[in-house]
Amino acid sequence: MSKSSHIFSIFVTLAVCVAGAVLFISFPVTGADRVYLDIDSPTAKKIPVAVPELKNLGGDAALGKEAAAQLARDLDFTGYFRLIDPKGFLGREQGDEVDYKGWSLTGADLLVKGTYRTDGAQVAWEFRLYDLLQGKMILGRGYRVAANDYKVAVHRFADEILYLFTGEHGPFQTQLAFISTVDGHKEIFVSDFDGSNARRLTRHQSITLTPRWSPRGNEIAYTSYKDGGPALYILKFPALQTQRISNRPGVNITPAWHPDGESLALAVNHKGNSQIIQVNRSGTLLNTLTQSWGIDVSPAWSPDGRQLAFVSNRSGNPQIYILDVATRQVRRLTFQGSYNTGPVWSPKGNWIAYAGRVGGQFQIFTIAPGGGEAQQLTQQGNNESPDFSPDGSMIVFSSNRHGKAALYVMNANGANQRRITFLPGEQTSPSWGPR
Numbered sequence: 006m007s008k009s010s011h012i013f014s015i016f017v018t019l020a021v022c023v024a025g026a027v028l029f030i031s032f033p034v035t036g037a038d039r040v041y042l043d044i045d046s047p048t049a050k051k052i053p054v055a056v057p058e059l060k061n062l063g064g065d066a067a068l069g070k071e072a073a074a075q076l077a078r079d080l081d082f083t084g085y086f087r088l089i090d091p092k093g094f095l096g097r098e099q100g101d102e103v104d105y106k107g108w109s110l111t112g113a114d115l116l117v118k119g120t121y122r123t124d125g126a127q128v129a130w131e132f133r134l135y136d137l138l139q140g141k142m143i144l145g146r147g148y149r150v151a152a153n154d155y156k157v158a159v160h161r162f163a164d165e166i167l168y169l170f171t172g173e174h175g176p177f178q179t180q181l182a183f184i185s186t187v188d189g190h191k192e193i194f195v196s197d198f199d200g201s202n203a204r205r206l207t208r209h210q211s212i213t214l215t216p217r218w219s220p221r222g223n224e225i226a227y228t229s230y231k232d233g234g235p236a237l238y239i240l241k242f243p244a245l246q247t248q249r250i251s252n253r254p255g256v257n258i259t260p261a262w263h264p265d266g267e268s269l270a271l272a273v274n275h276k277g278n279s280q281i282i283q284v285n286r287s288g289t290l291l292n293t294l295t296q297s298w299g300i301d302v303s304p305a306w307s308p309d310g311r312q313l314a315f316v317s318n319r320s321g322n323p324q325i326y327i328l329d330v331a332t333r334q335v336r337r338l339t340f341q342g343s344y345n346t347g348p349v350w351s352p353k354g355n356w357i358a359y360a361g362r363v364g365g366q367f368q369i370f371t372i373a374p375g376g377g378e379a380q381q382l383t384q385q386g387n388n389e390s391p392d393f394s395p396d397g398s399m400i401v402f403s404s405n406r407h408g409k410a411a412l413y414v415m416n417a418n419g420a421n422q423r424r425i426t427f428l429p430g431e432q433t434s435p436s437w438g439p440r
């Protein structure tokens, strides 16, 4: 996402399609409505939106309230919207009519309304987004999902709202992988995009490090000491089968998937130091990517696979460098600070986020891949292991600002920082899965 102020202009379009097991349908929208949202400015005004309880046309009475609450949480999570309490609405509505003036008096500019009806083992949902200033509906969708999957319908509509305003679908149907010490051991957990629904994937009862989602989201690469020294493994979904792919002498650490999902970069021992190599999915050596007298670790591929960011102490202190894979030319990227680590590219390739030490603590920074001044995004506590959301609008990271390390998210410009995990132990090394 560009740090300069870009304003997206999106036309509402109509479509009828089937995606997976969920049917979703557009409702007619009058005219070609342009919707604008400045999503890059840290001081941009949030759009006030009201999300009242959805209307029950036949089914579980609690679902309407639960779905509205989840949709409100989704919109609030983006940092682009300000929630308006629907209880402030004092008007009266009959049938499908919308009291635009009455809802405007609550302070809302947008209104989400919806209905649901149980049909056997499924529930039919309808959602509509209204522009209260223009006095018309600007988005409508219908979904049919399993009775216990209301969040699927809610997340899909939240994605459509975000697409309408930014031109990018949101993170609402993605997952996070991370390390947690719930039982004292470092194990891999996954959760929904907002830290909810956390569940444990590994039970190695050992040290497990740096989980990284594959580009297709069906595997996680990680390092574990479960068989002795640090080896590289792949965890495969949905069976959760584990395959060891690199057990070279010394270390096998900091894996990074190539964008094509067919190979990985990792750091291994080389003559007393470490270098970065590229292996295929079976662990066979494809390329030796870096060679120097220093320690090279923490590789991160650019989205097009043509460049590799990594950390090296070849200049004395750990700094971030960028390798041109074709020419093998290496250039130093960071010059600000004495210790910079953990680089990760934004999905569009226009930013690199990393952790840099400031006054004895690590903070999250972003910098353009071409160099220039780095922007410090965090201030409190130790903040490490940044990773971008699939649309590049958010960054997840680990922070101990309130005691033990937990996961936090923020907008890519540093705004709206908030904690999302509240599990026992510590949560570190987050990886944001693909859409």
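The sequence shown begins at 6 in this note's numbering and counts up one residue at a time. Here a beta-carbon is modelled for each residue, glycine too, at the ideal position from N, C-alpha and C.
Cα-Cα separation, Thr111 to Tyr105 | If you number the sequence shown from 1, residue 111 lands on position 106. If you number the sequence shown from 1, residue 105 lands on position 100. If I take the Cα positions, the gap works out to 10 Å.
Ends of the alpha helix (DSSP H) at Ala73?
-> As a position in the sequence shown, residue 73 is number 68, starting the count at 1. Run containing Ala73: Leu68 to Thr83, per the alpha helix (DSSP H) assignment.
Exposed or buried, Trp108, counting other C-beta atoms within 10 Å across all chains shown (16 or more means buried)?
-> Locating residue 108 in the sequence shown gives position 103, where the first residue counts as 1. By the neighbour-count rule (16 or more Cβ atoms within 10 Å), Trp108 is buried.
Count the C-beta pairs between the region 62 to 69 and the region 91 to 102 that are closer than 8 Å, then say yes if the count reaches three, no if not.
-> Touching, no, given that fewer than three Cβ pairs across the two stretches are closer than 8 Å.
Between Trp130 and the rest of its own chain, which residues show a CB-CB distance below 6 Å, the 5 nearest in sequence each way excluded?
-> Within the sequence shown, residue 130 is the residue found at index 125, counting from 1. Beyond the five residues adjoining it in sequence on each side, Trp130 comes within less than 6 Å, by CB distance, of Tyr121, Tyr148 and Ala158 in the same chain, given in chain order.
Can you name, in chain order, every residue of its own chain whose Cβ lies under 6 Å from the Cβ of Gly438, other than the five neighbours on each side?
-> Here residue 438 corresponds to residue number 433 of the sequence shown, with the count starting at 1. The residues are Thr179, Gln180, Trp218 and Gly222.
Roughly how many angstroms separate the alpha carbons of Pro323 and Gln280, rounded to a whole number?
-> As a working mapping, residue 323 is identified with position 318 in the sequence shown. As a working mapping, residue 280 is identified with position 275 in the sequence shown. Rounded to whole angstroms, Pro323 to Gln280 spans 14 Å at the Cα level.
First through last residue of the alpha helix (DSSP H) which encompasses Asp164 | Taking the sequence shown and counting its residues from 1, the one referred to as residue 164 is at position 159. It spans Tyr155 to Thr171 - the alpha helix (DSSP H) in which Asp164 sits, taken as one unbroken run.
Looking at the structure shown, is Tyr105 part of a helix, part of a strand, or coil, going by DSSP?
-> Position 100 of the sequence shown, counted from the start, is the residue given in the question as residue 105. Three-state result, Tyr105: helix.
State the Cα-Cα distance for the pair Phe86 and Asp114, rounded to the nearest angstrom.
-> The residue given as residue 86 occupies position 81 in the sequence shown. The residue given as residue 114 occupies position 109 in the sequence shown. Each residue's alpha carbon lies about 10 Å from the other.
Quick one: give me the first and last residue of the beta strand (DSSP E) that Ala226 is part of.
-> Locating residue 226 in the sequence shown gives position 221, counting from the first residue. Glu224 to Ser229 is the extent of the beta strand (DSSP E) around Ala226.
Assign Lys92 to one of three DSSP states: helix, strand, or coil.
-> To locate residue 92, count along the sequence shown from 1; it is residue 87. Helix at Lys92.
Which of helix, strand or coil DSSP assigns to Thr426 = Numbered from 1 along the sequence shown, position 421 holds the residue referred to as residue 426. Of the three classes helix, strand and coil, the one that applies to Thr426 here is coil, per DSSP.
Beta carbon of Gly80 nearer than 8 Å to that of Ile166 = Counting from one through the sequence shown, the residue named residue 80 turns up at place 75. Counting from one through the sequence shown, the residue named residue 166 turns up at place 161. The question names Gly, but residue 80 in the sequence shown is Leu. Yes; because the gap between Cβ atoms is below 8 Å, this pair is in contact.
Is the beta carbon of Tyr227 sitting closer than 8 Å to the one on Ile193?
-> Position 222 of the sequence shown, counted from the first residue, corresponds to residue 227. Position 188 of the sequence shown, counted from the first residue, corresponds to residue 193. Yes, these two residues count as a Cβ contact at 8 Å.
Rounded straight-line distance, which links the Cα of Lys51 to that of Gly84 = As a first step, residue 84 is located in the sequence shown; it is residue number 79 there, counting from the start. As a first step, residue 51 is located in the sequence shown; it is residue number 46 there, counting from the start. Taking the straight line from one Cα to the other gives about 7 Å.
Unbroken stretches of the beta strand (DSSP E), 3 residues or longer, contained in the region 347 to 383 = The qualifying runs are 357 to 363 and 366 to 372.
Which residue comes first and which comes last in the beta strand (DSSP E) that contains Ile193?
-> For the purposes of this step, residue 193 is taken as the residue at position 188 of the sequence shown. That run of the beta strand (DSSP E) goes Glu192 to Asp197.
Work out the CA separation of Arg333 and Leu206 for me, nearest whole Å.
-> Sequence index remark: in the sequence shown, residue 206 carries index 201 (1-based). Sequence index remark: in the sequence shown, residue 333 carries index 328 (1-based). In this model, Leu206 and Arg333 are separated by some 38 Å (Cα to Cα).
Going by DSSP, name the residue or residues bridged to Phe132.
-> Translated into positions along the sequence shown, residue 132 becomes position 127. Checking the DSSP bridge columns, you'll see Phe132 partnered with Gly119 and Arg146.
Taking all protein chains shown into account, do 16 or more other C-beta atoms lie within 10 angstroms of the C-beta of Ala417, making it buried, or fewer, making it exposed?
-> The sequence position of residue 417 within the sequence shown is 412, counting from 1. So Ala417 ends up on the buried side.
Name the residue from Leu134, Asp154 and Phe162 whose alpha carbon lies nearest to the alpha carbon of Pro53.
-> In the sequence shown, the residue the question calls residue 53 occupies position 48. Ranking Leu134, Asp154 and Phe162 by Cα distance to Pro53 puts Leu134 first.
Does the Cβ of Asp396 have 16 or more other Cβ atoms within 10 Å, making it buried, or fewer, making it exposed?
-> Along the sequence shown, read from residue 1 onward, the residue named residue 396 stands at position 391. Buried is the call here.
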